Amino acid sequence: MKSVVKLFKLGSSPPVDKVDMKCKQGENLLCVFLFFGPELPQEIQNKHISKPKRCSRSEQKAHHRSSVTDDHKSFMQHKNRPHPGPAAPSSRAQISIAVYRGWNFFLLIPCHVESPFIACLEAIPHQLLASREESLFQSLHSGGCWSDLSHLNLFVLCLQMMKFAWDNYKRYAWGKNELRPLTRNGHTGNMFGGLRGASIVDSLDTLYIMGLMEEYEEAKEWIQNNLDLNSNGEASLFEVNIRYVGGLLSAYYLTGAEIFKQKVMELGEKLLPAFNTPTGIPRGVINLVSCRHGFPLVFSDHVSIGGLGDSFYEYLIKSYLMSEKTDQEAQKMYYRAMEAIETNLVQKSPGGLTYVAEWRGGILDHKMGHLACFSGGMIGIGADDGPAGQRQHYLDLAAEITHTCHESYSRSATKLGPEAFRFDAGAEATANRLSDRYYILRPEVIESYMYMWRLTHNPKYREWGWEAVEALEKHCRVDAGFSGIRDVYASTVSHDNMQQSFFLSETLKYLYLLFSDDDLLPLEDWVFNTEAHPLPECRMMAGHAERKRKPLFFTSHL
Ligand code: DMJ
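In our numbering, the protein residues as written are 45 to 602.
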């Protein structure tokens with residue numbers, strides 16, 4: 045079913061009475077009204093909300109039978125509730141609601157000033173989320189016209205989730221590395237060797253892509269005035285590289301702002317000594333002030349595409365793609381690694397689930413980590429350039445692994461996946477050890493949904509993404525941000541009090557991209573680093589200054 049979106053500014057022409065709300069059989073019509081001032085115009089309340097039009101196919105009517113009065117009642121209940129978001133200006137908060145059922149869906153969005161549409165979307169309050177319990181999303185689900193409309197809804201929700209996560213970080217943990225949403229304070233940790241503001245650097249590109257420009261500007265200002273790269277402490281080279289270098293570089297390529305280039309060059313210089321080893325394989329830890337570094341990486345007999353191994357395989361194929369498919373060494377290494385992975389690690393469970401096991405000293409460990417679930421997406425993006433005739437095989441493998449990772453989510457009480465799941469001792473994509481049951485807002489499963497959606501356009505990936513949004517909203521949203529949970533199998537959740545910076549840089553970005561059009565950061569032009577920071581492919585680098593003048597967001601979403 046096609047969604048037609050019409051955007052109107054109340055108070056400008058055409059007057060609301062004359063709004064053309066015609067739509068064709070089989071179409072969903074979404075009317076978005078932006079209005080200015082604190083009160084919802086009477087004319088809207090009386091005329092349009094109470095008379096939604098039905099344009100869908102007749103066979104869908106059975107699913108959607110609902111009374112207009114209920115909708116109106118629910119609208120009236122919502123309309124005076126305050127916006128729960130921490131930074132929402134109060135007058136914006138007064139009215140903003142999705143009115144639904146039937147086949148038309150209205151977003152009534154209050155705006156202070158003549159803002160661009162994207163800026164108004166972030167004013168949609170939490171009630172929109174609350175309304176899903178009542179029926180909006182359920183009715184769309186059961187009616188079979190789910191994906192088109194909710195694609196837009198979810199796109200908006202992801203943006204709203206980002207704003208909520210960001211606002212709370214800003215309010216309670218500004219300048220610290222991560223937000224502790226239960227205790228409402230900041231967490232510094234020691235992973236970044238004294239560097240601060242990990243959530244800010246990690247969020248820059250997400251804010252920019254989502255068009256949250258005010259927030260992007262405040263993040264940029266913090267980088268300019270407060271990001272101190274002379275911190276004295278032991279930093280993980282990997283983490284600083286993927287989050288800080290990746291975040292700054294991506295922000296530079298997206299926006300062209302010189303400050304990001306300046307900072308990333310400075311930081312890069314400080315990291316370089318870690319690569320000064322006989323093999324060129326960098327040391328794992330470095331001090332940014334003294335340049336003292338830790339031990340070189342040690343090799344073990346543990347082979348995994350999950351933690352400690354994942355990004356290596358990922359970067360083989362991504363180096364090849366970033367080089368405009370000219371880096372043949374990376375290409376060769378990737379496909380040889382894939383062959384070995386398939387021969388030695390890829391397994392089929394008794395219940396028919398494909399998974400990637402781990403190898404320890406010659407013995408297979410029938411376990412797959414959440415981290416390994418990025419591999420669905422990786423194998424998908426690598427499908428085109430392998431040995432002749434292998435394309436469909438790789439696409440199938442990618443889909444099977446993504447399916448297994450989805451199963452690890454759907455077999456839990458919370459519909460979120462555990463840190464690791466097993467395929468032995470009667471387990472099938474479930475964690476049988478207590479210590480594996482936590483979920484820390486990780487992105488990998490959603491990352492694979494996003495790639496698989498872009499590669500196949502099979503609507504199931506968006507449906508799975510929607511399930512994840514619902515679960516995150518239900519179990520991880522707390523009053524002051526989003527938190528990980530300790531046991532995905534417990535229906536009464538216990539929160540871990542941490543809003544990881546990768547939730548803002550990866551989880552929410554991949555969700556947003558899953559529900560946006562393919563031309564927002566097209567995969568042919570951009571390669572995402574392992575922290576979801578998009579970097580342009582070689583040919584695009586030269587053109588980034590040109591691109592930055594065009595807004596990236598909202599190209600053709602509506
Ligand atoms: C992120 O920091 C990166 O995705 C990294 O590659 C693995 N771990 C986290 C997210 O789970």
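Ideal Cβ placement from N, Cα and C applies to all residues, glycine included.
Quick caveat, the model's predicted, so the values are computed rather than measured.
Where residue i sits in the DSSP three-state scheme
i, result
"M585", "helix"
"S456", "coil"
"F559", "coil"
"R466", "strand"
"N234", "coil"
"R506", "helix"
"I303", "helix"
"Y533", "coil"
"P317", "helix"
"L485", "coil"
"W266", "helix"
"R215", "helix"
"G525", "strand"
"T474", "strand"
"H577", "coil"
"H501", "coil"
"Q391", "strand"
"G421", "helix"
"D440", "helix"
"Q665", "Outside the shown range of the chain, which is 45 to 602, sits residue 665, and nothing can be said about it."
"S247", "helix"
"D371", "coil"
"F361", "In the sequence on display, residue 361 carries Ile and not Phe. Reduced to three states, the DSSP call for I361 is helix."
"G291", "helix"
"G426", "coil"
Cross-strand partners of residue i (DSSP beta bridge)
i, result
"E278", "N331"
"V347", "W403"
"T224", "According to the sequence shown, residue 224 is Arg rather than Thr. Paired residue(s): N229."
"D409", "E402"
"Q544", "Its beta-bridge partners do not exist; DSSP assigns none."
"F572", "P578"
"H539", "I529"
Other residues of its chain near residue i: CB distance less than 6 Å, five sequence neighbours each side excluded
i, result
"Y260", "L251, Y252"
"L239", "S275"
"G426", "I361"
"Y378", "L360, I361"
"G353", "none"
"R228", "Y216, A524"
"D114", "The predicted position of D114 is uncertain, since its pLDDT is 32 and thus under 50; a value taken from the coordinates is nonetheless stated next. Answer for D114: no residue qualifies."
"G312", "none"
Under 8 Å between C-beta atoms of residue i and residue j
i, j, result
"T458", "Y493", "no"
"G350", "M412", "yes"
"G461", "Y483", "yes"
"S247", "L548", "yes"
"R481", "A475", "yes"
"V245", "L292", "yes"
"L203", "D249", "no"
"I330", "L271", "no"
"T551", "P487", "yes"
"A512", "Y453", "yes"
"L499", "G424", "yes"
"E402", "H346", "yes"
"A464", "H414", "yes"
"E20", "F236", "Lying outside 45 to 602, the shown extent of the chain, residue 20 is not represented and no answer is given."
"E581", "D562", "no"
Cutoff 8 Å; reference residue i; Cβ partners in own chain excluding five residues on either side
i, result
"K504", "none"
"H231", "A217, K220, N221, E222, L223, R224, M542"
"M585", "Y297"
"R380", "none"
"I303", "K264, I267, Q268"
"N285", "L315"
Contact set for residue i: own chain, Cβ-Cβ below 7 Å, skip 5 residues either direction
i, result
"E451", "L397, A473"
"S419", "I349, V400, I445"
"L408", "A401"
"E310", "L273"
"M254", "L203, M206, Y556, F597"
"Y388", "Inspection of the sequence shows that residue 388 is occupied by Asn rather than by Tyr. The answer, listed in chain order, is W403."
Meets three-Cβ-pair contact criterion under 8 Å: the stretch 536-544 and the stretch 517-528: yes
Contact the stretch 363-373 vs the stretch 389-406: 3+ CB pairs below 8 Å: no
Cβ pair count under 8 Å reaching 3, the stretch 573-583 against the stretch 550-564: yes
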